[in-house]
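In the UniProt record's numbering, the protein residues as written are 1 to 328.
Quick reminder that beta carbons are idealized off the backbone N, C-alpha and C, glycines included.
Below is one structure, written out as structure tokens, with a few remarks after it.
In structure tokens:
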């Protein structure tokens with residue numbers, strides 16, 4: 001393990017610059033500002049009590065870093081999720097009138113981009129956590145310069161969940177509607193909400209671990225997707241096909257380790273010594289259990305499909321043999 005001093009030098013060298021946050025905030029607002037502002041005004045006008053409650057809750061629970069991190073307005077987040085869900089619904093309705101697209105070039109750029117971004121976030125969080133003197137468990141979301149560095153990476157991880165919505169768009173453009181399952185939509189929409197909460201209330205401390213592990217899994221996952229598009233057939237693709245279920249199992253191990261961290265903090269660490277938000281840890285634990293159940297169900301069903309096809313093929317072959325024997 002590298003020393004804290006060495007980790008500090010590396011973390012400083014690869015730190016996400018503050019101007020990236022400012023530029024991204026300006027770019028996002030210039031593109032979507034009028035729409036999300038109109039949505040917020042509508043909520044304030046027609047749901048004034050709920051609007052006041054959310055604003056009050058935010059002021060009471062927001063971390064000091066939240067003022068320096070863009071895209072944490074809750075109404076902008078709600079508008080984003082509604083737009084994502086409406087987009088899925090619109091594609092479902094318009095599907096009969098749309099042509100099926102391959103989206104190979106878009107998929108290559110998207111998957112390679114998320115592969116590299118995930119690699120940066122994983123290594124950045126690992127090194128920055130070491131520079132901040134973090135351990136595996138019970139880390140407080142402080143306000144030191146080292147933790148501001150971590151907070152920016154947590155924010156980047158949170159924003160990357162919006163970029164990952166392009167996974168769904170590509171599936172819909174290719175008309176692979178069977179891939180846009182309840183699990184897919186549930187995971188992509190709710191994880192955005194979870195990391196909005198974490199980035200708002202505690203964008204450092206224990207949150208580094210889940211973001212780091214998830215980014216590490218996504219390095220492999222998006223790298224795999226990129227290679228399958230790059231090699232649609234041939235020997236390389238045959239090798240890649242063997243790792244299809246390894247990706248899903250890797251995601252499930254990720255959920256298990258995240259559960260382990262939350263359970264350790266909530267069960268073994270005395271509550272008076274717990275440095276991170278217990279509410280966020282409880283939410284993370286429940287969420288990871290739900291993902292374990294859904295991904296486990298997906299894995300079982302997916303593994304049964306080839307077996308069913310095999311039985312059907314065997315039955316068809318047997319029937320064909322009987323027909324040939326009868327004719328002879």
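Please check the pair residue i and residue j, which I expect to be a contact at CB under 8 Å, by giving their CB distance rounded to whole angstroms.
i           : j           : result
residue 302 : residue 284 : In fact, because the Cβ distance is near 26 Å, the residues do not count as touching under 8 Å.
residue 108 : residue 240 : At roughly 15 Å, the Cβ-Cβ gap does not stay under 8 Å, so residue 108 and residue 240 are not in contact.
residue 391 : residue 165 : The structure shown does not extend to residue 391, since the chain spans only 1 to 328, so no value can be given for it.
residue 194 : residue 287 : 6 Å
residue 154 : residue 209 : Contact flag wrong, Cβ pair sits at about 11 Å.
residue 278 : residue 260 : With a Cβ gap of about 16 Å, residue 278 and residue 260 do not count as contacting.
residue 211 : residue 125 : 6 Å
residue 141 : residue 202 : 4 Å
residue 245 : residue 299 : 7 Å
residue 100 : residue 44  : Going by Cβ atoms, the distance from residue 100 to residue 44 rounds to 42 Å, so no, they are not a contact pair.
residue 206 : residue 139 : 5 Å
residue 35  : residue 75  : Residue 35 to residue 75, Cβ: 11 Å. No contact.
residue 243 : residue 292 : So it is not a contact: roughly 21 Å between Cβ atoms.
residue 122 : residue 170 : So it is not a contact: roughly 23 Å between Cβ atoms.
residue 118 : residue 215 : 5 Å
residue 72  : residue 199 : 6 Å
Starting from residue i, follow the alpha helix (DSSP H) in both directions and report where the run begins and ends.
i           : result
residue 192 : 182 to 201
residue 231 : Counting along the chain, residue 231 falls outside any alpha helix (DSSP H), and DSSP gives it neither H nor E.
residue 167 : 166 to 173
residue 254 : 244 to 263
residue 12  : 4 to 13
residue 176 : First-last for residue 176: undefined, no H or E at that position.
residue 268 : No alpha helix (DSSP H) contains residue 268, which DSSP labels as neither H nor E.
residue 39  : 18 to 46
residue 75  : 74 to 94
residue 147 : 145 to 163
residue 120 : 104 to 131
Could you tell me whether the stretch 52 to 62 touches the stretch 177 to 192, where touching means 3 or more Cβ pairs closer than 8 Å? no
Between the stretch 145 to 162 and the stretch 58 to 69, do three or more beta carbon pairs fall short of 8 Å? yes
Assess, as a yes-or-no matter, whether the stretch 101 to 120 is touched by the stretch 217 to 226 under the definition of 3 or more beta carbon pairs within less than 8 Å. yes
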